[in-house]
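Colleague: In the order they appear, the protein sequences are chains C and L.
Using this note's numbering, read the first sequence as starting at 1 and increasing by one per residue.
Using this note's numbering, read the second sequence as starting at 1001 and increasing by one per residue.
Handing you a structure now.
There are 2 protein chains.
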Amino acid sequence: MRFRVDPLPRPGTYREVAVVVDVIRATTTAGVYLKEGARALVLAPSLEAARLLRAPGEVLAGEVGGLKPPGFDLGNSPREAKGVAGRVVVMATTNGTKAAHAARGAAHLLLGSLQNATATARLAAGLGEEVALVCAGKEGQVALDDLYAAGVIARGLLAQGFAPQGDMAHLALFLAENPPREVLLASEAARALKEVGLLADVEVSAQVDVHQVVPRF
Amino acid sequence: MRFRVDPLPRPGTYREVAVVVDVIRATTTAGVYLKEGARALVLAPSLEAARLLRAPGEVLAGEVGGLKPPGFDLGNSPREAKGVAGRVVVMATTNGTKAAHAARGAAHLLLGSLQNATATARLAAGLGEEVALVCAGKEGQVALDDLYAAGVIARGLLAQGFAPQGDMAHLALFLAENPPREVLLASEAARALKEVGLLADVEVSAQVDVHQVVPRF
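Right under this line is the structure:
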């Protein structure tokens, strides 16, 4: 029983259990939508794709530069999940969706965040012997916030008897020794949200283990 | 005044001050050679190149699988610097040399380690407004030990009034909140040295601020 951490997705290398992490904000928000009663999530690779994929009665969620695009119902904020109960949510995300597609060869694909970190670790540990924590990153760059969240989930895997494999697994674990708010606030992702007045989304994304809902594909 | 941290070398992007870090063991050992009185260091990209570059009277240092190659004087161990005083040392390294060559466009090129971390930060801060900490990595893979040492040097730069730039600079700083021995021992580099009975080299490489000699090209 062991786990690795990929600072960026490595398409085609996932077999057993893959946990995609895009903590600011896609995988955090995905968990919130399910927790608030959404029936299912569809991850679309772009705004256009989301518009095309949305069937009548489904909720359309997405963002441009952090803000809700014209004609969308929701803006991918973890603080805003009105009207999702009982409905399918089509989420337009970029990094998170790319990472999920990269990991689709895995037998089990989960979406992890800080909000559901321990629940994610527990579920992943029950699904297989080899777990990959897949950081989405931002446009091909390694993201501090994703590596940190992977480290917090990794601590949960340690507690389940899983062993870290490789330098990046250890790196994430050492990073996770720091407090969540401080680390997330230092990230470029937080800086970008701050610029559009959405710093509160970072605060919410930094909450650890506030629910047990783990999106699963 | 700011600094960035490159988890792997980015050839052609270095202008002002570049600090190459290959803490297990090339840049640690390079510092020890100078501290023990070596007149100058030559970094060769391979054992063959080192043999060709060595002039009469010069010391030949290198390693294969962590061990001293046949015909070499020294094995690139920071615990072994006999006979270097007053002489030129030709060091065959792989990752450290590649990183140094990648950074040769910089106006000032230093070799940093934990042993000379604060001295490196002080010297770098005096040489320019923009400092890049360049982790050598291991065969193209990001190395935990190098990122950690970059983080410890980064703390020195913070103390000199430099600001971290980008997620990787913050990552290295957060990583550096952990104790050196624990982090270095968790690295693949340490595991490889342990396998050939050279774990003591990791202990020596984990010593922080034990001298003030900074190799400079």
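All C-beta atoms, glycine included, are put in the ideal place defined by N, C-alpha and C.
If we ignore side chains and look at the alpha-carbon of each, how far apart do L/Q1165 and C/P56 end up?
Modeller: Position 165 of the second sequence holds residue 1165 of chain L. Position 56 of the first sequence holds residue 56 of chain C. For L/Q1165 and C/P56, the distance between alpha carbons rounds to 45 Å.
Colleague: Identify, in the order they occur along the chain, each residue of the same chain with its Cβ nearer than 7 Å to the Cβ of C/T27, setting aside the five sequence neighbours on each side.
Modeller: What you label residue 27 of chain C is simply residue 27 of the first sequence in a count that begins at 1. V20, V21, G96, L111, G112 and S113, listed in sequence order.
Colleague: Since C/F3 sits in a beta bridge, which residues does DSSP pair it with?
Modeller: Along the first sequence, one-based indexing puts residue 3 of chain C at 3. Beta-bridge pairing links C/F3 to C/V131 and C/P164.
Colleague: Would you decide whether C/K35 is buried or exposed? Buried here means 16 or more other CB atoms lie within 10 Å of its CB.
Modeller: For the purposes of this step, residue 35 of chain C is identified with residue 35 of the first sequence, where counting begins at 1. By the Cβ-count criterion, C/K35 is buried, with 16 or more other Cβ atoms from all chains shown falling within 10 Å of its own Cβ.
Colleague: Taking 8 Å as the cut-off, decide whether the C-beta atoms of C/A103 and C/P215 are in contact.
Modeller: Start at 1 with the first residue of the first sequence, and residue 103 of chain C comes out as number 103. Start at 1 with the first residue of the first sequence, and residue 215 of chain C comes out as number 215. For C/A103 and C/P215, no; Cβs fall outside 8 Å.
Colleague: Is the stretch 1084-1095 of chain L in contact with the stretch 1058-1076 of chain L, if contact means three or more CB pairs nearer than 8 Å?
Modeller: yes
Colleague: What distance in whole Å lies between the Cβ atoms of C/A85 and C/V32, which are believed to be in contact at a cut-off of 8 Å?
Modeller: Sequence index remark: in the first sequence, residue 32 of chain C carries index 32 (1-based). Sequence index remark: in the first sequence, residue 85 of chain C carries index 85 (1-based). Actually they are not in contact, since the Cβ atoms of C/V32 and C/A85 sit about 12 Å apart, beyond 8 Å.
Colleague: So the beta strand (DSSP E) C/H108 belongs to, where does it begin and stop?
Modeller: Walking along the first sequence from the start, residue 108 of chain C turns up at place 108. H108 to G112 is the span of the beta strand (DSSP E), which, as asked, contains C/H108.
Colleague: Which residues, taken in chain order from the stretch 1105-1131 of chain L, show a beta carbon closer than 8 Å to some beta carbon of chain C?
Modeller: When CB distances to chain C are screened at a threshold of 8 Å, not a single residue of the stretch 1105-1131 of chain L falls below it.
Colleague: I'd like the list of long-range same chain contacts for C/G66, defined as Cβ closer than 6 Å, with 5 residues on each side in sequence excluded.
Modeller: Residue mapping note: residue 66 of chain C aligns to position 66 of the first sequence, counting from 1. The answer, listed in chain order, is L193, V196 and L198.
Colleague: Taking only the alpha-carbon atoms, compute the straight-line gap between C/S205 and L/A1159 and give it to the nearest angstrom.
Modeller: On the first sequence, residue 205 of chain C is found 205 positions in, with the first residue counted as 1. On the second sequence, residue 1159 of chain L is found 159 positions in, with the first residue counted as 1. If I take the Cα positions, the gap works out to 30 Å.
Colleague: What residues of chain C sit near L/E1177, judged by a beta carbon separation below 7 Å?
Modeller: As a working mapping, residue 1177 of chain L is identified with position 177 in the second sequence. The answer, in chain order, is E177 and N178.
Colleague: Which whole-angstrom value describes the C-beta separation of L/A1150 and L/V1005, a residue pair presumed to lie in contact below a C-beta threshold of 8 Å?
Modeller: As a position in the second sequence, residue 1150 of chain L is number 150, starting the count at 1. As a position in the second sequence, residue 1005 of chain L is number 5, starting the count at 1. Right, their Cβ atoms sit about 5 Å apart.
Colleague: Which residues in chain L sit within 7 Å of C/E188, going by Cβ to Cβ distance?
Modeller: Sequence index remark: in the first sequence, residue 188 of chain C carries index 188 (1-based). Within chain L, the residues near C/E188 are G1166 and D1167.
Colleague: For C/V214, which three-state DSSP category applies?
Modeller: In the first sequence, residue 214 of chain C corresponds to position 214, counting from 1. Here C/V214 sits in coil by DSSP.
Colleague: Looking only at C-alpha atoms, which of L/F1217, L/D1209 and L/F1003 sits nearest to L/Q1115?
Modeller: Numbered from 1 along the second sequence, position 115 holds the residue referred to as residue 1115 of chain L. Checking every option, the nearest Cα to that of L/Q1115 belongs to L/D1209.
Colleague: Between L/A1192 and chain C, is there a C-beta pair that is closer than 8 Å?
Modeller: To locate residue 1192 of chain L, count along the second sequence from 1; it is residue 192. L/A1192 does not count as touching chain C.
Colleague: Chain C partners of L/F980, CB-CB under 9 Å?
Modeller: Examination of residue 980 of chain L is not possible in this model, given that chain L is present from 1001 through 1217 alone.
Colleague: On the premise that C/Y14 lies in contact with C/A106, defined as a C-beta separation below 8 Å, what is that separation, rounded to the nearest angstrom?
Modeller: Taking the first residue of the first sequence as 1, we reach residue 106 of chain C at position 106. Taking the first residue of the first sequence as 1, we reach residue 14 of chain C at position 14. Confirmed, about 4 Å.
Colleague: Which residues in the same chain as L/K1138 place their Cβ atom closer than 7 Å to its Cβ, once the five residues preceding and following it in sequence are excluded?
Modeller: On the second sequence, residue 1138 of chain L is found 138 positions in, with the first residue counted as 1. Once the five neighbours on either side are set aside, the close Cβ partners of L/K1138 are N1095, E1188 and A1189.
Colleague: I need the boundaries of the alpha helix (DSSP H) containing C/V202, first residue and last residue.
Modeller: By one-based count along the first sequence, residue 202 of chain C stands at place 202. Segment L199 to S205, the alpha helix (DSSP H) holding C/V202.
Colleague: At a Cβ threshold of 8 Å, is C/L171 touching chain L?
Modeller: In the first sequence, counting from the first residue as 1, residue 171 of chain C sits at position 171. Output row for C/L171: interface = yes.
Colleague: What residues are listed by DSSP as bridge partners for C/V59?
Modeller: Locating residue 59 of chain C in the first sequence gives position 59, where the first residue counts as 1. Paired residue(s): C/V89.
Colleague: Sort out for me which residues DSSP pairs C/Q141 with in a bridge.
Modeller: To locate residue 141 of chain C, count along the first sequence from 1; it is residue 141. BP columns for C/Q141 point to C/K138.
Colleague: Helix, strand or coil, according to DSSP, for L/V1208 in the structure here?
Modeller: Within the second sequence, the letter at position 208 stands for residue 1208 of chain L. For L/V1208, the three-state secondary structure derived from DSSP is coil.
Colleague: Have a look at C/G83 and C/F217 and give me their C-alpha separation to the nearest angstrom.
Modeller: Locating residue 83 of chain C in the first sequence gives position 83, where the first residue counts as 1. Locating residue 217 of chain C in the first sequence gives position 217, where the first residue counts as 1. Distance between the alpha carbons of C/G83 and C/F217 is about 22 Å.
Colleague: Would you identify the three-state DSSP class for C/A18, choosing helix, strand or coil?
Modeller: As a first step, residue 18 of chain C must be located in the first sequence, where it is residue number 18. Here DSSP, grouped into helix, strand and coil, assigns C/A18 to strand.
Colleague: Among L/T1029, L/E1129, L/L1144 and L/L1171, which has the Cα closest to the Cα of C/D167?
Modeller: Counted from its first residue, the first sequence places residue 167 of chain C at position 167. Per the Cα distances, L/L1144.
Colleague: To the nearest angstrom, how far is the alpha carbon of L/E1130 from that of C/L123?
Modeller: Indexing the second sequence from 1 puts residue 1130 of chain L at position 130. Indexing the first sequence from 1 puts residue 123 of chain C at position 123. One C-alpha to the other measures close to 45 Å.
Colleague: Would you report the Cα separation of C/L53 and C/V88, rounded to the nearest angstrom?
Modeller: The residue given as residue 53 of chain C occupies position 53 in the first sequence. The residue given as residue 88 of chain C occupies position 88 in the first sequence. Going by the C-alpha atoms only, they are around 11 Å apart.
Colleague: What do you get for L/E1025, buried or exposed, if any count of 16 or more other CB atoms within 10 angstroms of its CB means buried?
Modeller: Indexing the second sequence from 1 puts residue 1025 of chain L at position 25. Reading the sequence as shown, one finds Arg at residue 1025 of chain L and not Glu. Buried is the call here.
Colleague: Check this for me: beta carbons of L/E1016 and L/H1108, under 8 Å apart or not?
Modeller: Indexing the second sequence from 1 puts residue 1016 of chain L at position 16. Indexing the second sequence from 1 puts residue 1108 of chain L at position 108. Yes. Within cutoff.
Colleague: Measuring alpha carbon to alpha carbon, tell me which of L/F1072, L/A1030, L/P1011 and L/R1051 ends up nearest L/R1079.
Modeller: The residue you call residue 1079 of chain L lines up with position 79 of the second sequence. The candidate whose alpha carbon is nearest that of L/R1079 is L/A1030.
Colleague: Considering just the uninterrupted stretch of the alpha helix (DSSP H) at L/A1049, what are its terminal residues?
Modeller: On the second sequence, residue 1049 of chain L is found 49 positions in, with the first residue counted as 1. First-last of the alpha helix (DSSP H) with L/A1049: L1047 to L1053.
Colleague: Given this structure, state the Cα-to-Cα distance separating L/D1201 from C/F72, to the nearest angstrom.
Modeller: Locating residue 1201 of chain L in the second sequence gives position 201, where the first residue counts as 1. Locating residue 72 of chain C in the first sequence gives position 72, where the first residue counts as 1. Going from the Cα of L/D1201 to the Cα of C/F72 covers about 58 Å.
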